[in-house]
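Below: the structure, in C-alpha cells.
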DNA sequence: TCTCTGCGGTTTATTATTATCAACATCGGT
DNA sequence: ACCGATGTTGATAATAATAAACCGCAGAGA
C-alpha cells in the first residue's frame with residue numbers, strides 16, 4: 001500500500017484533462033508525501049520519460065514516455081482502436097454518446113469516447129477514472145468479476161456522487177446479482193445528475209471482464225423504446241468487440257444474452 | 001540509477017512490440033534485480049494498471065493504465081495526432097516511410113509512423129527507442145539540445161549498430177556542429193544497413209527540441225534530387241508542426257532554414 | 001508414468017537504501 | 001521587500017532490497 005513505487009505511481013493519477021500540469025508543492029500537498037521525496041520521484045519519472053518538466057514553466061506534466069508505452073501496447077494488443085470503432089458505431093446508431101473503459105489495476109479507465117452529434121448530449125472526458133459502484137460500466141464489470149475483485153472494490157469508501165448513488169455494499173451486491181442475470185447494467189443518475197447510462201461488459205481471453213462499453217444519455221430522454229434499442233445495440237457491439245479482441249464471454253453472460261429478446 | 005522507482009520503471013522498457021509479454025524470471029534476469037523484488041514491483045505496477053497479468057498465462061504485459069495516461073496527455077497536449085498528420089503528408093509526398101519521435105527522458109521515443117505504400121520500403125515499429133548517435137533523428141535532436149543533454153547522451157556507451165556507425169564522441173560533436181548549420185541531419189546506414197534517414201527537429205515552446213520528424217528510405221534509392229525534395233518537404237512540415245504544437249524554433253534553426261535553397 | 005527442470009510465487013533474517021522532517025537557499029511575481 | 005513557490009541539504013527513523021532458501025506447478029523427456 002505504502003510502497004515507494006506505489007507512492008510514485010500514484011502521483012501520475014493527479015494529472016488529468018482538467019489539470020494537465022501540476023507543480024511540486026501541489027503534488028506534495030495532495031499526495032501527503034514529503035516535498036523532498038516527491039521531488040526525487042518526479043526527477044526519476046522525468047528521467048524515464050513518464051513525466052516531463054516544461055523548461056518554460058516549473059510545472060510537471062505527463063511525458064512522451066506514456067505515448068510510447070501506449071503505442072507498444074496498442075501495437076501488440078490492439079484494443080483501443082477496436083473499441084473506438086465499436087463506439088463510433090454505437091453513437092451513430094443510438095444517437096447518444098458512447099464510451100469504453102478498461103480495467104486498469106483496481107480502477108476502471110475510460111479509454112475511448114464517441115460523442116453523438118446532437119446539440120444536447122452527454123459529454124465526458126477520455127482518460128477519466130470511473131467509480132465502480134456508481135457507474136453502469138463499473139457495475140457490469142463487477143458483476144462478472146471474481147469475488148476478491150468485488151470485495152476489494154466495495155471495501156473502499158464508496159462516494160455518493162449524486163443523491164441517488166447507492167453506497168451500501170449489500171444493496172450493491174444484490175444489484176450485481178440482477179446484472180448477472182440481464183447481462184447489462186443501468187445507472188440512473190447514480191454517478192452524475194441527469195445522466196442515464198447503460199453498460200455491457202467486454203471480456204478477456206480468460207473469461208474475466210476486460211472492461212465495458214456504455215451509452216450515456218440525458219436522463220429525461222430515456223424511454224423504454226430507447227432502452228431496448230440501446231441494449232440491443234450493446235449486445236451486438238459487445239459480441240463484435242469480444243470477437244475483435246479475442247475475448248471469451250463466460251457462460252453466465254452468454255446465457256443472459258440469449259435470454260434477452262428485443263421485442 | 002539505483003533508486004527503487006527507477007528500477008521499477010526500467011522494467012517497463014523491456015516490453016516491446018516484438019516481446020509484449022514477459023515473465024517474472026525473465027525480467028529479473030535481464031534487469032539484474034532480485035526475483036522477489038521484481039515480483040513486488042510488478043505487483044505494484046499491476047495494481048496501478050501500468051502492467052497487467054494475463055489471468056490465462058503467467059506473463060505480464062503493459063496494462064490499460066498506459067492507454068489512459070496517453071489519452072490524458074494527448075487530450076491536454078495533442079502532439080501525437082498532430083505528428084501523425086504531418087507524417088502522413090510526408091510519406092505521401094516523398095513516397096517513403098516517415099516517422100516521428102519525441103524526447104522521453106533521456107531517450108528518443110518513436111511515437112508515429114507512416115509507411116509509404118511502395119512495395120520496397122523501410123518498415124519500422126512505433127514505440128521503439130532510437131539511439132541518439134546513430135540515427136538522423138537523434139543527431140538532429142542533440143544538435144539543438146543543451147550541452148548537458150548532449151554530454152549525458154554521448155557519455156553513455158555508444159553502440160555500433162552497423163559498420164558505418166560513428167561511435168567517437170568527438171567526431172559526433174563535429175557532426176552536430178554541421179547539423180546546426182544545415183538544420184537537418186542525415187544518417188547513411190549508421191543505424192541500420194540499407195537505410196538512409198533524413199531528420200529535422202521539432203521544437204518546444206521554450207526553444208528546446210521536443211523531437212524530430214524523419215524520412216527513411218532504402219539507401220540505394222537515395223539521389224541528390226530525392227534528398228533535396230525530402231529536405232524541402234521536411235522544412236515545410238517541421239514549420240507546420242512547430243506551429244501546430246506551439247513550438248518555437250531557436251534563431252539558430254531559423255537561420256539554417258533560411259539558408260536552405262531548394263534549387 | 002515418473003522424474004527432472006525451469007518457472008512463478010513466497011518466506012526468512014540481514015543489509016542497504018530511502019523517506020522523512022525541518023531547516024534553508026533561491027527564484028519570480030506582486 | 002515580501003510571499004509562495006521550487007529545490008536542496010542534513011541526521012534519524014522507517015522501509016525496502018537482497019540472498020538463499022522453499023513450495024507447487026507445468027511441461028519435457030526417458
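Protein chains in written order, with full-length UniProt numbering: chain A, 1 to 263; chain B, 1 to 263.
Beta carbons are placed, not taken as given, at the ideal position from N, Cα and C, and that holds for glycine.
Check                                                                                                                                                                                                              : Outcome
Taking Cβ positions only, does residue 90(A) come closer than 7 Å to chain B?                                                                                                                                      : no
Can we say the region 142 to 152 of chain A touches the region 175 to 182 of chain A, given the rule of at least three CB pairs closer than 8 Å?                                                                   : yes
For the alpha helix (DSSP H) containing residue 51(A), name the first residue and the last one.                                                                                                                    : Taken as a continuous stretch (DSSP letters only), residue 51(A) belongs to no alpha helix (DSSP H), being part of the beta strand (DSSP E) at 51 to 53.
For residue 95(B) and residue 224(B), what's the separation of their Cα atoms in angstroms?                                                                                                                        : 15 Å
At which residues does the alpha helix (DSSP H) containing residue 120(B) begin and terminate?                                                                                                                     : No alpha helix (DSSP H) holds residue 120(B); DSSP gives it neither H nor E.
Helix, strand or coil: which one does DSSP assign to residue 160(A)?                                                                                                                                               : coil
Write down every uninterrupted run of the beta strand (DSSP E) in the UniProt domain "HTH iclR-type" (2 to 64) of chain B whose length is 3 residues or greater and which is fully enclosed by it, in chain order. : 51 to 53, 60 to 62
Looking only at its own chain, which residues have a Cβ that is under 7 Å from the Cβ of residue 184(B), when we skip the five neighbours before and after it?                                                     : 140, 198, 199, 200, 231, 234
If you draw a straight line from the C-alpha of residue 154(B) to the C-alpha of residue 133(B), how long is it?                                                                                                   : 8 Å
Listed from N- to C-terminal order along the chain, which residues in the region 65 to 92 of chain B have their beta-carbon within a distance smaller than 9 Å of any beta-carbon of chain A?                      : 65, 66, 67, 68, 69, 70, 71, 72, 73, 74, 75, 76, 77, 79, 80
Less than 7 Å separating the beta-carbons of residue 90(A) and residue 100(A)?                                                                                                                                     : no
When the Cα atoms are used, what is the spatial distance from residue 51(A) to residue 30(B)?                                                                                                                      : 24 Å
Go through its chain and collect everything with a Cβ distance to residue 214(A)'s Cβ below 6 Å, but skip five positions before and after it.                                                                      : 99, 136, 137, 197, 199
I'd like to know whether the C-beta of residue 200(A) is nearer than 7 Å to at least one C-beta of chain B.                                                                                                        : no
I'd like to check one pair, residue 180(B) with residue 62(A): are the Cβ atoms closer than 7 Å?                                                                                                                   : no
Quick one: what's got a C-beta closer than 6 Å to residue 79(B)'s C-beta in the same chain, skipping five residues either side?                                                                                    : 245
With a threshold of 7 Å between beta-carbons, can residue 151(B) be considered close to chain A, or not?                                                                                                           : no
Helix, strand or coil for residue 183(A)? Go by DSSP, reduced to three states.                                                                                                                                     : coil
Let me confirm a value: residue 157(A) is counted as buried when at least 16 other C-beta atoms fall within 10 Å, else exposed. Which label applies?                                                               : exposed
In whole angstroms, what is the alpha-carbon distance linking residue 13(A) and residue 191(A)?                                                                                                                    : 20 Å
Measuring alpha carbon to alpha carbon, tell me which residue in 151(B), 221(B), 131(B) is nearest residue 212(B).                                                                                                 : 131(B)
Restricting to Cα atoms, I'd like to know which of 77(B), 206(B), 18(B), 92(B) is closest to residue 251(B).                                                                                                       : 206(B)
Apart from the five residues on each side of it in sequence, which residues of its chain come closer than 6 Å, Cβ to Cβ, to residue 222(A)?                                                                        : 196
Report back the beta-carbon spacing between residue 66(B) and residue 66(A) to the nearest angstrom; my notes put them in contact at under 8 Å.                                                                    : 6 Å
May I ask which residues mark the beginning and end of the alpha helix (DSSP H) holding residue 203(B)?                                                                                                            : Residue 203(B) -> not in any alpha helix (DSSP H); beta strand (DSSP E) instead, spanning 195 to 203.
Using the beta-carbon of each residue, which ones in chain B are nearer than 7 Å to residue 16(A)?                                                                                                                 : 72
Mind checking whether residue 7(A) and residue 44(A) have CB atoms under 7 Å apart?                                                                                                                                : no
Among 182(A), 210(A), 163(A), which one has its Cα closest to the Cα of residue 188(A)?                                                                                                                            : 163(A)
Mind checking which residues open and close the beta strand (DSSP E) that includes residue 125(A)?                                                                                                                 : Premise fails: residue 125(A) is in no beta strand (DSSP E) and is neither H nor E.
Is there a Cβ from chain A that is less than 7 Å from the Cβ of residue 111(B)?                                                                                                                                    : yes
Of all the options 49(A), 17(A), 124(A), 25(A), which has the alpha carbon lying nearest to the alpha carbon of residue 77(B)?                                                                                     : 17(A)
Could you check the C-alpha separation between residue 107(A) and residue 40(A) for me, to the nearest Å?                                                                                                          : 26 Å
Note down the Cα distance separating residue 203(A) from residue 115(B), rounded to an integer number of angstroms.                                                                                                : 32 Å
Would residue 116(B) pass as an interface residue toward chain A - the criterion being a Cβ-Cβ separation below 7 Å?                                                                                               : no
Which bits of chain B does residue 54(A) rub up against, with CB to CB less than 9 Å?                                                                                                                              : 204, 205, 206
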